[in-house]
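Number of protein chains: 2
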Amino acid sequence: MTEVLVVDDEPSMLRALHLNLTARGYQVITAEDGTSALNKFGLHEPAVVVLDLGLPDIDGLDVIRAIRTGSQVPILVLSARVGSNDKVAALDLGADDYVTKPFDMNELLARLRAATRRGSPGAGRRKVVAFADVTVDLDSKQVLHAGEPVHLTRTEWHLLELLLHNPEKLITSRQLLIALRGQPDHTDPSYLRIYMAQLRKKLEPDPARPKHLLTEPGMGYRFQP
Amino acid sequence: MTEVLVVDDEPSMLRALHLNLTARGYQVITAEDGTSALNKFGLHEPAVVVLDLGLPDIDGLDVIRAIRTGSQVPILVLSARVGSNDKVAALDLGADDYVTKPFDMNELLARLRAATRRGSPGAGRRKVVAFADVTVDLDSKQVLHAGEPVHLTRTEWHLLELLLHNPEKLITSRQLLIALRGQPDHTDPSYLRIYMAQLRKKLEPDPARPKHLLTEPGMGYRFQP
DNA sequence: GGGTGCCGTGAGGAAGTCGTGAAAAGCGCG
DNA sequence: CGCGCTTTTCACGACTTCCTCACGGCACCC
Numbered sequence: 001m002t003e004v005l006v007v008d009d010e011p012s013m014l015r016a017l018h019l020n021l022t023a024r025g026y027q028v029i030t031a032e033d034g035t036s037a038l039n040k041f042g043l044h045e046p047a048v049v050v051l052d053l054g055l056p057d058i059d060g061l062d063v064i065r066a067i068r069t070g071s072q073v074p075i076l077v078l079s080a081r082v083g084s085n086d087k088v089a090a091l092d093l094g095a096d097d098y099v100t101k102p103f104d105m106n107e108l109l110a111r112l113r114a115a116t117r118r119g120s121p122g123a124g125r126r127k128v129v130a131f132a133d134v135t136v137d138l139d140s141k142q143v144l145h146a147g148e149p150v151h152l153t154r155t156e157w158h159l160l161e162l163l164l165h166n167p168e169k170l171i172t173s174r175q176l177l178i179a180l181r182g183q184p185d186h187t188d189p190s191y192l193r194i195y196m197a198q199l200r201k202k203l204e205p206d207p208a209r210p211k212h213l214l215t216e217p218g219m220g221y222r223f224q225p
Numbered sequence: 001m002t003e004v005l006v007v008d009d010e011p012s013m014l015r016a017l018h019l020n021l022t023a024r025g026y027q028v029i030t031a032e033d034g035t036s037a038l039n040k041f042g043l044h045e046p047a048v049v050v051l052d053l054g055l056p057d058i059d060g061l062d063v064i065r066a067i068r069t070g071s072q073v074p075i076l077v078l079s080a081r082v083g084s085n086d087k088v089a090a091l092d093l094g095a096d097d098y099v100t101k102p103f104d105m106n107e108l109l110a111r112l113r114a115a116t117r118r119g120s121p122g123a124g125r126r127k128v129v130a131f132a133d134v135t136v137d138l139d140s141k142q143v144l145h146a147g148e149p150v151h152l153t154r155t156e157w158h159l160l161e162l163l164l165h166n167p168e169k170l171i172t173s174r175q176l177l178i179a180l181r182g183q184p185d186h187t188d189p190s191y192l193r194i195y196m197a198q199l200r201k202k203l204e205p206d207p208a209r210p211k212h213l214l215t216e217p218g219m220g221y222r223f224q225p
């Protein structure tokens with residue numbers, strides 16, 4: 001759980017950021033002026049700071065200076081000032097990034113990820129899906145069944161990946177065929193069944209009665225975690 | 001003296017950046033396409049990369065991927081694309097910053113300083129990887145096998161480095177080829193196999209039955225410590 | 001009950017991939 | 001210019017994977 005300190009004097013902006021950040025799993029601490037920002041920074045030691053420059057009490061640049069005297073925490077500056085002088089000043093004082101308002105929320109979140117990623121290099125992203133006694137590491141492409149590594153062929157992996165990326169969603173045979181072979185039509189309808197059987201044989205405890213790699217008759221397939 | 005690799009296909013932009021960067025005391029290496037960019041990156045190991053996304057040969061995002069599989073060097077992306085999708089993609093692939101053209105040169109320089117500032121503190125640590133009776137010093141580029149120093153050619157070393165930087169992770173042949181040669185060259189699929197064979201011959205106790213430099217048929221290769 | 005789809009499974013040949021030896025093409029250097 | 005080292009290409013068995021076909025089972029409908 002990553003703690004992020006958000007400093008902005010506009011309540012609406014604060015709310016919007018709070019909403020989006022908590023939705024992404026961040027733990028959000030808010031402050032509306034420089035004084036409380038520095039206080040809360042000292043108390044919580046957040047992993048990253050999002051800082052608006054236009055604060056009522058202290059100049060935002062001074063806030064950066066104050067934080068940087070005692071910490072290397074990533075600072076992402078948010079500002080309505082578009083002039084390059086402000087940007088240069090903020091960045092040279094130790095800010096890690098500078099985003100001008102109005103901004104795209106997705107971009108801000110991406111920049112936030114980039115900033116935090118640098119702070120904790122060991123905690124790289126790792127997408128792991130687990131169900132029953134199977135563990136699938138989508139990043140390193142490794143599959144463990146009952147603790148033993150399982151070898152999947154390219155097509156088997158491709159198919160499993162598609163299913164795992166859309167848990168509980170039904171994927172039509174047509175979609176799967178397009179993804180696997182690029183040909184939507186005129187293919188042997190048993191093609192998919194062979195690979196589903198392979199996957200079930202390798203991953204399901206009882207391949208005859210699958211509980212996670214499900215068939216939707218007449219429609220397609222579905223992965224149930 | 002900080003080395004910076006500047007990649008852009010427009011000669012005028014390249015000139016402008018070269019001028020401003022050398023004036024600030026940087027040592028500038030330039031490249032006009034993805035292939036030579038990756039080549040020069042491997043040769044010079046710059047302290048920071050300025051990368052335009054719109055390259056003639058390879059997609060800029062693939063260049064980021066290739067660099068990131070083997071290095072944590074700061075990457076500052078330069079692009080004419082203003083959509084947030086491109087920004088998010090580039091940043092999540094490992095880029096450190098994203099600047100849209102046209103840009104203010106002073107701001108770019110400030111962002112460059114911010115990016116290099118972060119990169120420097122971690123540069124001192126010594127990374128050594130050991131497995132079986134092999135010891136690899138990633139800093140001094142020395143390899144010891146059963147206590148005896150082993151000589152690796154540039155390509156062999158590059159390949160080993162890529163694998164060792166991503167332990168247990170599967171790296172696709174495509175990724176490796178882009179990193180080694182700059183192109184996902186499909187003309188000669190045996191290229192990689194020769195170098196894997198060389199590495200195994202030099203490092204594996206039993207080259208015929210590799211236990212650390214593993215092949216994932218149809219997918220790529222994996223380093224198992 | 002028989003017909004009709006659709007699904008699961010086994011088998012086997014075609015096609016592709018891997019590892020290896022060997023040889024041509026570059027490349028740096030004296 | 002020749003020499004050694006490296007990179008790159010080619011060729012060939014051994015092996016794996018892909019894909020098609022054929023057959024049996026189950027559910028549903030007429």
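First to last, the protein sequences are chains L and F.
Each residue of the first sequence is one higher than the last, beginning at 1 in the numbering used here.
Each residue of the second sequence is one higher than the last, beginning at 1 in the numbering used here.
We put the CB at the ideal spot given by N, CA and C, even for glycine.
Beta bridge pairing from DSSP links L:HIS145 with L:VAL134, L:GLU148. By the Cβ criterion, the segment 99–111 of chain F is not in contact with the segment 131–145 of chain L, since fewer than three pairs of Cβ atoms, one from each stretch, lie closer than 8 Å. Secondary structure at F:ALA95: coil, using DSSP grouped into helix, strand and coil. For L:ASP59, there are no C-beta contacts with chain F under 8 Å, since the nearest C-beta of that chain is about 18 Å from it. Rounded to whole angstroms, the separation of the alpha carbons of F:LEU180 and F:GLN198 is 15 Å. Put simply, of F:ILE194, F:ARG200, F:ASN166 the residue whose alpha carbon is nearest the alpha carbon of F:ILE67 is F:ASN166. Segment contact: the segment 159–177 of chain F against the segment 97–107 of chain F, fewer than three CB-CB distances shorter than 8 Å; contact not assigned. Cβ proximity to chain F below 9 Å picks out nothing from the segment 25–48 of chain L. Nearest in C-alpha terms to L:ALA47, of all of L:ARG118, L:ASP92, L:LEU61, L:ASP9, is L:ARG118. Note that the C-beta distance between F:ASP96 and F:ALA115 is below 8 Å.
For the pair L:ARG222 and L:LEU159, the Cα-to-Cα distance works out to about 11 Å. In the structure shown, the three-state DSSP call for F:VAL88 is helix. Of the other Cβ atoms in all chains shown, 16 or more fall within 10 Å of the Cβ of F:SER71; this residue is therefore buried. Identification of residues in the segment 201–219 of chain F having a C-beta nearer than 8 Å to some C-beta of chain L yields GLU216, PRO217, GLY218, MET219, given in sequence order. The C-beta distance from F:MET219 to L:LYS141 rounds to 7 Å, short enough to fall under 8 Å. With respect to the C-alpha of F:THR30, the residue from F:ASP8, F:THR155, F:ARG81 having the closest C-alpha is F:ASP8. Contact between F:VAL73 and F:LEU38 does not hold, since their C-beta atoms are separated by about 12 Å, which reaches or exceeds 8 Å.
Interface with chain F (8 Å Cβ-Cβ cutoff): L:LYS141 is included. What F:LYS101 touches in chain L, judged by beta-carbon distance under 8 Å, is nothing: the nearest beta carbon there is about 15 Å away.
Taking each of L:ALA80, L:GLN224, L:LEU51 in turn and checking the Cα distance to L:GLU32, the smallest one comes out for L:LEU51. Here F:ILE58 is buried, its C-beta having at least 16 other C-beta atoms within 10 Å.
Within chain F, no C-beta atom comes nearer than 7 Å to that of L:GLU148; the closest sits roughly 15 Å away. When DSSP states are grouped into helix, strand and coil, F:PHE223 belongs to the strand group.
Around the Cβ of F:MET1, a 10 Å sphere holds fewer than 16 other Cβ atoms; the residue is exposed.
The Cβ atoms of F:ALA16 and F:GLY54 do not sit closer than 8 Å to each other. When secondary structure is reduced to three states using DSSP, L:ILE178 falls in the helix class.
The beta carbon of F:LYS87 falls within 8 Å of a beta carbon belonging to chain L, placing the residue at that interface. Rounded to the nearest angstrom, the gap between the Cα atoms of L:LYS169 and F:HIS44 is 48 Å. Here L:HIS151 is exposed: its Cβ has fewer than 16 other Cβ atoms, across all protein chains shown, within 10 Å. In terms of Cβ geometry, L:TYR195 and L:THR155 form a close pair [threshold 8 Å].
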